[in-house]
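The sequence shown begins at 1 in UniProt numbering and counts up by one.
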Amino acid sequence: MDDCVFCRIVEGVEPARIVHSDQETVAFLPLTPAVAGHVLVIPRQHVRDAWELDEPTSFALTRAVRQVMHAVRTAFEPEGMNIITSVGSVATQSVMHVHVHIVPRNENDRMGRIWPPPRSSAPEHLDQLAERLRVALRSSAENDGEQHGEVRDPDPAVEERESD
1 MDDCVFCRIV EGVEPARIVH SDQETVAFLP LTPAVAGHVL VIPRQHVRDA WELDEPTSFA
61 LTRAVRQVMH AVRTAFEPEG MNIITSVGSV ATQSVMHVHV HIVPRNENDR MGRIWPPPRS
121 SAPEHLDQLA ERLRVALRSS AENDGEQHGE VRDPDPAVEE RESD
């Protein structure tokens, strides 16, 4: 995709500070890292956002995130880490090619809090939210779960036990 800066990085057209590359993924430093050690991990295949990820690409991306996350931990020895994927501009996705931010965190770093302060919710309200999600998950599994992210256990023995 010519208009996608991440696709141009994958193709070698756009320069990048690549730290990891395999057949399915690439990881590189962003042009303006939030903190030292901030890395972006992307699939080589153009996928707009996490909602459009197919299962094999999702697994490859997760595997690469895990590898890079551990390397960041070794190299920078952070106190904690954020693993962030934004979906859509309202959620701060600025490049429309799915990517995962790996951000090492330390007390008093320049990132600050990324979540609002906690506030209590009525148990009844939480029950309603949980039921709403359970219904959506059942519907997804019954209709076209594959399209909406249903993940099957790759162990065939699990499928056999479930069908009994």
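Built from N, CA and C at the ideal position, the CB exists for glycine as well.
Option nearest residue i by Cα separation, candidates the options
{"i": "residue 23", "options": "70, 42 and 53", "result": "42"}
{"i": "residue 172", "options": "104, 142, 131 and 99", "result": "A question about residue 172 goes unanswered here, because the residues of the chain that appear run from 1 up to 164."}
{"i": "residue 71", "options": "56, 37, 85 and 53", "result": "37"}
{"i": "residue 78", "options": "35, 93 and 11", "result": "35"}
{"i": "residue 85", "options": "114, 3 and 108", "result": "114"}
Whole-number beta carbon distance between residue j and residue i, since they are thought to touch under 8 Å
{"i": "residue 102", "j": "residue 19", "result": "The Cβ separation is near 10 Å, so there is no contact."}
{"i": "residue 44", "j": "residue 87", "result": "Wrong, their Cβ atoms sit about 20 Å apart, outside the cutoff."}
{"i": "residue 104", "j": "residue 76", "result": "5 Å"}
{"i": "residue 81", "j": "residue 96", "result": "25 Å between Cβ atoms; not a contact."}
Identified DSSP bridge partners for residue i
{"i": "residue 28", "result": "18 and 40"}
{"i": "residue 80", "result": "105"}
{"i": "residue 95", "result": "None, per the DSSP bridge assignment."}
{"i": "residue 100", "result": "41"}
Range of the contiguous alpha helix (DSSP H) that encloses residue i
{"i": "residue 45", "result": "First-last for residue 45: undefined, no H or E at that position."}
{"i": "residue 131", "result": "123-142"}
{"i": "residue 110", "result": "First-last for residue 110: undefined, no H or E at that position."}
{"i": "residue 11", "result": "5-11"}
Beta-carbon proximity check, residue i vs residue j, cutoff 8 Å
{"i": "residue 25", "j": "residue 64", "result": "yes"}
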